[in-house]
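Using the working numbering, the first residue of the sequence shown is number 64, and each one after it goes up by one. Glycine residues also receive a C-beta, built at the ideal position from the N, C-alpha and C atoms. These figures come from a predicted structure and were not determined experimentally. Reviewing the structure listed below.
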Amino acid sequence: GGERKRVNIGMELITQPTILFLDEPTTGLDSSTSLSVLSLLKRLAQGGRTIVLSIHQPRFRIFEMFDSVTVMSDGHIIYHGPSDNCVPYFNNVGYECAAFNNPADFILDVVTGEERMRGEADVDTADAEERRKKMAEVLTRLTTAYNSSSMAQEAERHFASEESGPQQSSEHENLNFGAGWLRQVSVCSGRAIKNVVRNPATSIGQIAVNVVVGVIVGCIYFRLDNNTDDYQRALRDRTGCIFFCIINFMFGNLGGIEMFLQERLIFMHEKASGYYHTSSYYVSKLLCDMIPVRVIPTVIFATTVYFMAGLQRDAEKYFVFVGVSVLQAMVACSVCFFFSACFSVFAVANLLVSMFYVMTMIFSGLLVSVNKWPAGTRWIGHLSFCKYSYELLVENEFEGLEFKCPPGDDCADGEELLGPDYLDIERGEGWLKVMALLIMTAFFLVLGYFQLNSLRRK
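Laid out in structure tokens, this is it:
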């Protein structure tokens, strides 16, 4: 028992602090485990560290480990001094500790009014009003006795000298990390990978969902036919398939919103404690979340749909299709990561990301050609990452595509369908569109990093 307590204490010791604050480290532990934990803290204190902790009713063997004890009641200090001087001090005040009584229990009885002074008459503590008056009298007596004692005067002189000395900032402005940046990334990545493995819903589940949805979409658009003279149907089928893929790459990665929400409090605590740089944590999360949970399922979905739908059987076109799909998923994920770092409530982040995706779809040209918009609004389309993904995938599919029409009919080829009479796609300069997707990904990732770095523990 007590493993979790010891692990928590061990985590606080990673940065080798000179002062360690602990809030009730023995709560929930049995007496043996409590003694083990306090023995560890005693050894740390003997090694030169200052350890400050709060504790309720410690056993005698634990109480005698303390070098200094502060007893408080209702916000007032009634004793502050060596632990071995507690019983003599209260004896001088008028409270006598019985033989073989635990000093901690004796002090608690004194504070709560259960312990009578020498020569004091018995009071009916069952009556609530009498008990309240009794405790108020005891508190006043003990506070007055302490304020007039030499311990209080010595403590005041000590605090006054400390206040007049140089002040230290409470912020960790010049942290000395015990490990290098790469080591921090390695450790944080190991923890992130374990979280992915231990939570199949975010790893195996994501892959399984993409396989199932990919098969369903592939069945809907199974082996798109080129043997037709109905250009509108051929156009609608292929653009519809590409449109659905792009939508899936966006909304299928909404789970990225949870990346920082689940560990938000842990991150702020560990950052404030100086465990690692924000950049090392951020990079590890990107490596261990974006690649196994976002990129791999996207590749599986794109591959399944590509071959089942019967898109052009060309290796170069296949890899372009998968590459653009991955870029689309990465931009969508970076948007999720940014909003995840901005908000602590999933519902709010999810709503804003969904609205952002919808606006991106509207201004992408997927539903209405950009050239049909009012002249003053066409520039908005260049801010939509869906626009670049859609144009890249459509151009990749229709370039070199030939339709087999009945004899005697003049068939239009795929490149003609890309023209202004049909799809009206801005052709060429594919590398600029790829760069635009990469820049948008980097833009939102950088915004997410600065937002994450600005988080402070309250």
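Endpoints, alpha helix (DSSP H) assigned at residue i
i, result
"residue 73", "66-75"
"residue 135", "Run containing residue 135: none in the alpha helix (DSSP H); it sits in the beta strand (DSSP E), 131-136."
"residue 270", "267-283"
"residue 458", "448-461"
"residue 178", "Taken as a continuous stretch (DSSP letters only), residue 178 belongs to no alpha helix (DSSP H), as it is neither H nor E."
"residue 244", "244-261"
"residue 99", "94-109"
"residue 121", "Unbroken run through residue 121: none, as it is neither H nor E."
"residue 371", "359-371"
"residue 321", "321-324"
"residue 153", "149-156"
Local conformation of residue i per DSSP, three classes
i, result
"residue 503", "helix"
"residue 115", "strand"
"residue 509", "helix"
"residue 84", "strand"
"residue 408", "coil"
"residue 144", "strand"
"residue 139", "strand"
"residue 339", "coil"
"residue 514", "helix"
"residue 223", "helix"
"residue 489", "coil"
"residue 89", "coil"
"residue 233", "For residue 233, the predicted model reports a pLDDT of 48, less than 50, meaning its position is unreliable; a value from the coordinates is still stated below. Coil."
"residue 328", "helix"
"residue 351", "helix"
"residue 210", "helix"
"residue 397", "helix"
"residue 195", "helix"
"residue 304", "helix"
Rounded separation between residue i and residue j - CA only
i, j, result
"residue 504", "residue 393", "6 Å"
"residue 83", "residue 115", "6 Å"
"residue 427", "residue 420", "10 Å"
"residue 370", "residue 519", "49 Å"
"residue 349", "residue 304", "29 Å"
"residue 464", "residue 301", "11 Å"
"residue 79", "residue 335", "14 Å"
"residue 133", "residue 243", "40 Å"
"residue 443", "residue 377", "34 Å"
"residue 112", "residue 256", "34 Å"
"residue 439", "residue 448", "19 Å"
"residue 117", "residue 85", "7 Å"
"residue 342", "residue 512", "7 Å"
"residue 363", "residue 479", "31 Å"
"residue 380", "residue 391", "16 Å"
"residue 266", "residue 352", "9 Å"
"residue 125", "residue 417", "56 Å"
"residue 330", "residue 81", "22 Å"
"residue 422", "residue 441", "14 Å"
"residue 517", "residue 172", "47 Å"
"residue 251", "residue 326", "12 Å"
"residue 217", "residue 66", "39 Å"
"residue 163", "residue 262", "53 Å"
"residue 215", "residue 209", "6 Å"
Buried versus exposed, by CB contacts within 10 Å (16 or more), residue i
i, result
"residue 137", "exposed"
"residue 88", "buried"
"residue 508", "buried"
"residue 316", "buried"
"residue 482", "exposed"
"residue 223", "exposed"
"residue 71", "exposed"
"residue 458", "buried"
"residue 199", "exposed"
"residue 495", "exposed"
"residue 356", "buried"
"residue 515", "buried"
"residue 285", "exposed"
"residue 123", "exposed"
"residue 253", "exposed"
"residue 404", "buried"
"residue 46", "Nothing about residue 46 can be reported from this structure: the residues present for the chain run from 64 to 521 only."
"residue 409", "exposed"
"residue 196", "exposed"
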